[in-house]
Amino acid sequence: MMMAADGWYIYTGREVVPRHVTRVRIHESVTVIPAYAFYGNRTIKELDCHDRVKTVEEEAFANCTSLRVVRMPGVEVIERGAFFFCDALTDVECDKLEIIGRRAFDGCKSLTSINLPSAKIVERRAFAYCTALTN
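The opening residue of the sequence shown carries number 1 in full-length UniProt numbering; numbering runs sequentially from there.
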């Protein structure tokens, strides 16, 4: 288990994150967050990616019901259901995001706004049941 001095868990792309971890920083060697990597983790509250992470694969964070803040400055592709039913998600930063897969944010009922200046493709139901989304 890799923990930074500031208390963040460092995810290297090959391990199952311990259930007690609340803040995850993606290691600089990781460019793709694999499918189902954090699926169903109910303790993670905050995710911080470096700018070389380009893709979040399908259902990577699905059902992470405590996840609130996601910073992904370099991510260009979010695949199908990547943040499916992340009920607590309120803050998503992804300025380079170009492709948003089907149902990527489906059920993120706390998400109130998201800025997508680079979006080119938004697939069906990408924001279904985002009942608080206004912008």
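We treat Cβ as the ideally placed atom computed from N, Cα and C, and that holds for glycine.
Treat the numbers as computed from the prediction; the structure is a model and nothing was measured.
{"Check": "Looking at the structure shown, is Arg52 part of a helix, part of a strand, or coil, going by DSSP?", "Outcome": "coil"}
{"Check": "By DSSP's criteria, Ile121 is part of a beta bridge. Which residues make up the other side?", "Outcome": "Ile99"}
{"Check": "Hey, out of Glu46, Thr12, Arg23, whose CA is closest to Pro34's CA?", "Outcome": "Thr12"}
{"Check": "Closest by CA to Arg102, which one among Ser29, Ile78, Leu89, Val69?", "Outcome": "Ile78"}
{"Check": "In terms of DSSP beta bridges, what is Ile33 paired with?", "Outcome": "Val56"}
{"Check": "Can you tell me whether DSSP reads Val70 as helix, strand or coil?", "Outcome": "strand"}
{"Check": "Tell me, please, which residues DSSP counts as bridged to Tyr39.", "Outcome": "Per DSSP, none; premise fails for Tyr39."}
{"Check": "Go ahead and pull the three-state DSSP assignment for residue 138.", "Outcome": "Because the chain spans 1 through 135 in this model, residue 138 falls outside it and cannot be assessed."}
{"Check": "Please name the residue or residues paired with Leu47 in a DSSP beta bridge.", "Outcome": "Val24, Val70"}
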